[in-house]
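Each residue of the sequence shown is one higher than the one before, starting from 0 at the first, in numbering that gives the first Met the number 0.
Beta carbons: idealized from backbone N, C-alpha and C, even for Gly.
Predicted model only: the values in this text are computed from it and were never measured.
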Amino acid sequence: MEYNESYFKAKSNSKARTIWLILIAIMTLSYGSETSQGLHSARYYITFLLMAWVPFFIGILVLKINGKASSIYKEVVAVGYGAFYTYVILTTDSAIAFGYILPLTSMLILFKDRKYMIRCGIANEIIVIVHLILHNIYGINPNISTNDYYLQISTILLCYICYVVSIDHLNQSDGALVNSIKDNLNRVVTTVGQVKGASSSIVDGVTVVRELADENKQGADSVVKSMEELTQNNDILYNKTMSSMDKTSDINTQVENVASLIAEMVNLIQESIEHANLSAEELADVVSTTNTMADLSSQVEQVLENFKQDFDMVKEETGTIEGITFQTNLLALNASIEAARAGAAGKGFAVVADQIQGLSVETKNSSGRIRDALTHLDETSGKMTQSITQTLNLIQTTREKLTLVKDSVASITKDSTTLGENIKVIDGAMKDVESSNQDMVDNMKQVCDTMDVMTKCINQSDDVSRTMLSKYEESAVNVNKIETIVGKLMGELGTGGFMGIGDAKPGMKVVLIAKNGSSSFTAHGEVTASLDGGITARLHVPSGHSIEIKNKNFTYELQISVTNALYIWENADISTMRGQASDIYKITVATNPKVINRRKYPRMPLSNKCTITVTQTGRQYNGQMINISAGGFAFSVRDNFFASAIGSDITLSIPDLPVASARELEGHIIRSTDNESVFIVGCRMPEDNTAIEQYVRSNYQGE
Numbered sequence: 000m001e002y003n004e005s006y007f008k009a010k011s012n013s014k015a016r017t018i019w020l021i022l023i024a025i026m027t028l029s030y031g032s033e034t035s036q037g038l039h040s041a042r043y044y045i046t047f048l049l050m051a052w053v054p055f056f057i058g059i060l061v062l063k064i065n066g067k068a069s070s071i072y073k074e075v076v077a078v079g080y081g082a083f084y085t086y087v088i089l090t091t092d093s094a095i096a097f098g099y100i101l102p103l104t105s106m107l108i109l110f111k112d113r114k115y116m117i118r119c120g121i122a123n124e125i126i127v128i129v130h131l132i133l134h135n136i137y138g139i140n141p142n143i144s145t146n147d148y149y150l151q152i153s154t155i156l157l158c159y160i161c162y163v164v165s166i167d168h169l170n171q172s173d174g175a176l177v178n179s180i181k182d183n184l185n186r187v188v189t190t191v192g193q194v195k196g197a198s199s200s201i202v203d204g205v206t207v208v209r210e211l212a213d214e215n216k217q218g219a220d221s222v223v224k225s226m227e228e229l230t231q232n233n234d235i236l237y238n239k240t241m242s243s244m245d246k247t248s249d250i251n252t253q254v255e256n257v258a259s260l261i262a263e264m265v266n267l268i269q270e271s272i273e274h275a276n277l278s279a280e281e282l283a284d285v286v287s288t289t290n291t292m293a294d295l296s297s298q299v300e301q302v303l304e305n306f307k308q309d310f311d312m313v314k315e316e317t318g319t320i321e322g323i324t325f326q327t328n329l330l331a332l333n334a335s336i337e338a339a340r341a342g343a344a345g346k347g348f349a350v351v352a353d354q355i356q357g358l359s360v361e362t363k364n365s366s367g368r369i370r371d372a373l374t375h376l377d378e379t380s381g382k383m384t385q386s387i388t389q390t391l392n393l394i395q396t397t398r399e400k401l402t403l404v405k406d407s408v409a410s411i412t413k414d415s416t417t418l419g420e421n422i423k424v425i426d427g428a429m430k431d432v433e434s435s436n437q438d439m440v441d442n443m444k445q446v447c448d449t450m451d452v453m454t455k456c457i458n459q460s461d462d463v464s465r466t467m468l469s470k471y472e473e474s475a476v477n478v479n480k481i482e483t484i485v486g487k488l489m490g491e492l493g494t495g496g497f498m499g500i501g502d503a504k505p506g507m508k509v510v511l512i513a514k515n516g517s518s519s520f521t522a523h524g525e526v527t528a529s530l531d532g533g534i535t536a537r538l539h540v541p542s543g544h545s546i547e548i549k550n551k552n553f554t555y556e557l558q559i560s561v562t563n564a565l566y567i568w569e570n571a572d573i574s575t576m577r578g579q580a581s582d583i584y585k586i587t588v589a590t591n592p593k594v595i596n597r598r599k600y601p602r603m604p605l606s607n608k609c610t611i612t613v614t615q616t617g618r619q620y621n622g623q624m625i626n627i628s629a630g631g632f633a634f635s636v637r638d639n640f641f642a643s644a645i646g647s648d649i650t651l652s653i654p655d656l657p658v659a660s661a662r663e664l665e666g667h668i669i670r671s672t673d674n675e676s677v678f679i680v681g682c683r684m685p686e687d688n689t690a691i692e693q694y695v696r697s698n699y700q701g702e
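Here is the structure:
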């Protein structure tokens, strides 16, 4: 239960009031009964009632006016009931009337006020002593003896001594307890301060882990996609490799076949060379024989030419013989004619003439036969000459062709020799090819084995990547749980008063929400100074609006971004400050804030060029964006300054960012990772940027 001093004061007042009420109620009934029996007059009873109840109702009125925890009420109890007690003790004959005050005074211990109790005790003793004096002087209450008075005084004194001792004991006990509580509270405050710092560090660490988890998850998603593509490509490559292996085996078989064929070609070429050499030798003999035939044919042609000449001479002689025979026949005819004329004298001449004529006819016939024979011989000789001419032409053609054939055979022999040499080279190359192809087959087998191993490794890598992705997702879930727990812790710290306006420091971003129906507006700014119970802030009020200090219709909600937490006060008081600029306002709060973790936004990958300006030094560095969100950003840069830049404030310039209002951003470095001299730097923005939030939501569907 939370300690509330007012609550316990009100409770003490309530208990004292209750006992007061019970006492006067009992005494009212008792005295009423006695009055009805005639022991007291009606006037006395009315006075009794007034003395009893008027102070009581005055006390109630005081509580109504000053509140139930009013410190004045205990004084009203002492005076009011003391007056009633005095009236009763002075007007009664009862020896125990002095004890009517003890139940109520025992309740006064609840106030734990030693001086108050001593004052009450002194007043009570004075009342009893006055009663004793009046008893001795005026003889009132004669039924009470002096010893009874001494006993009353002693009893009351002892009771109040006990009250005071009890109060001292309670105060000492409470003091020791309070001191112990203070010490413990100091330790608690110190611890809570450490917890606050640790919580802030945890939030920063969790934020870093979450950002890294987000970036790693994005990388893992990319790796998984790449592994899927790699797996597909590897399957294709594996199929192609196996196909290549099959084709290589086929090629090896074909190469072996070609090698065997080349070997046969070498043998055949060798035989062709041998045959070509033999054919060349035989062709040389043929050419020599043909040359001899040509020479003989030339001789035969010359003989035939001479024969033709002789034949022509024979024909001429035969013609001469035919002429002579014709003349001889004419002469014989003439001689026969003359012998006939001579008669007997001419018989012998006629006989000679007949014989000559007969010889002439035979000669003519022989000449005719010779002519026929010569004509046939001429024809035969012509045909022979023609055949010999054709033979010579054929022999000449044959010689030319044989010469060409000889040259071709020589060329064939030479080419066959060259071909044989080339075939031998090819045969050697084919053997090398066969050997290389065998090596290629062996290499392809190794490639296939390697592809099997690669496939297994890729499948394992794919499984590992998916496992990593699931772990990143699990890490993100755990990070969210941690953020939720830390958020609840910070909320409880805020509710418990351990996080308050004192945490606001100059430079922190402020949002003031003015609420008044349709006239509501939001003003942004930053803390300029810290005050006791408040801050001063420079506010940028939207055009067309103004902060109306005296307008009670407006209520103001104050939000301050303190590192990763957002402090929210539902009702804040705002006022202007004399001697300050018109945009400087004093904002005070009277309650503990509601503390929540700043909202986490999705981060969109970005690769724009950027310029980083370090606030503390003014130095500028060139970098490249990695990602951006409404609450932070990350970039890469090459400079050793960022190796120890965590905690530094920067201004980031992104000239080509599509969101014009977000091209200049402020950030606080919360992480820096060295990746081979390239530093991956993550920053938290001092307040959320709604323009970037809308841009990321519209252009990125990664989460």
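Residue i burial status per 10 Å Cβ neighbour count (16 or more: buried)
i                : result
phenylalanine 7  : exposed
isoleucine 611   : buried
isoleucine 653   : buried
cysteine 609     : buried
valine 695       : buried
tyrosine 149     : exposed
valine 697       : Note that residue 697 is serine in the sequence shown, not valine. It is exposed - the Cβ of serine 697 has fewer than 16 other Cβ atoms within 10 Å.
proline 505      : exposed
serine 410       : exposed
isoleucine 132   : exposed
histidine 544    : exposed
serine 5         : exposed
phenylalanine 56 : exposed
Alpha carbon of residue i to alpha carbon of residue j, nearest angstrom
i              : j              : result
proline 657    : glutamine 693  : 12 Å
valine 594     : valine 588     : 14 Å
aspartate 788  : aspartate 371  : With the chain running from 0 to 702 in the structure shown, residue 788 is simply not present.
isoleucine 117 : leucine 109    : 14 Å
tyrosine 704   : glutamine 36   : Since the displayed the chain opens at 0 and closes at 702, residue 704 lies outside it and no answer follows.
serine 647     : glutamine 579  : 30 Å
cysteine 682   : glycine 666    : 5 Å
threonine 154  : aspartate 531  : 52 Å
asparagine 552 : alanine 522    : 17 Å
aspartate 441  : aspartate 245  : 12 Å
glutamate 228  : isoleucine 567 : 49 Å
valine 452     : aspartate 249  : 24 Å
tyrosine 84    : lysine 63      : 25 Å
threonine 90   : glycine 81     : 14 Å
valine 677     : arginine 618   : 18 Å
asparagine 325 : leucine 393    : Residue identity differs from the one stated: residue 325 is phenylalanine in this sequence, not asparagine. So the alpha carbons of these two residues sit roughly 47 Å apart.
glycine 357    : histidine 375  : 26 Å
Other residues of its chain near residue i: CB distance less than 7 Å, five sequence neighbours each side excluded
i              : result
serine 32      : none
serine 606     : Gln623, Met624
asparagine 550 : none
valine 561     : Asp502, Ala503, Met507
Own chain residues within Cβ distance below 6 Å of residue i, not counting five before or after
i              : result
tyrosine 159   : Gly120
asparagine 183 : none
alanine 629    : Tyr600, Asp687, Asn688, Ile691, Glu692
proline 604    : Asn626
Whole-angstrom C-beta distance between residue j and residue i, which should lie under 8 Å
i             : j              : result
glycine 533   : lysine 585     : 6 Å
alanine 94    : aspartate 147  : 5 Å
serine 671    : isoleucine 645 : 6 Å
glutamate 556 : lysine 508     : So it is not a contact: roughly 15 Å between Cβ atoms.
serine 574    : isoleucine 548 : 6 Å
arginine 113  : asparagine 170 : 7 Å
valine 127    : glutamine 151  : 5 Å
According to DSSP, residues forming a beta bridge with residue i
i             : result
arginine 670  : Gly681
glutamate 556 : Ile512
proline 604   : Asn626
glutamate 663 : Ser652
leucine 538   : Gly524
serine 574    : Lys585
valine 561    : Ala564
cysteine 609  : Gly622
Chain-order list of residues whose beta-carbon lies under 8 Å from that of residue i (same chain, five-residue window excluded)
i          : result
glycine 58 : Arg16, Trp19, Tyr72, Val75, Val76, Gly79
Test: residue i CB closer than 9 Å to a CB of chain D
i           : result
alanine 513 : Of the chains in the structure shown, none is chain D; there is only one protein chain.
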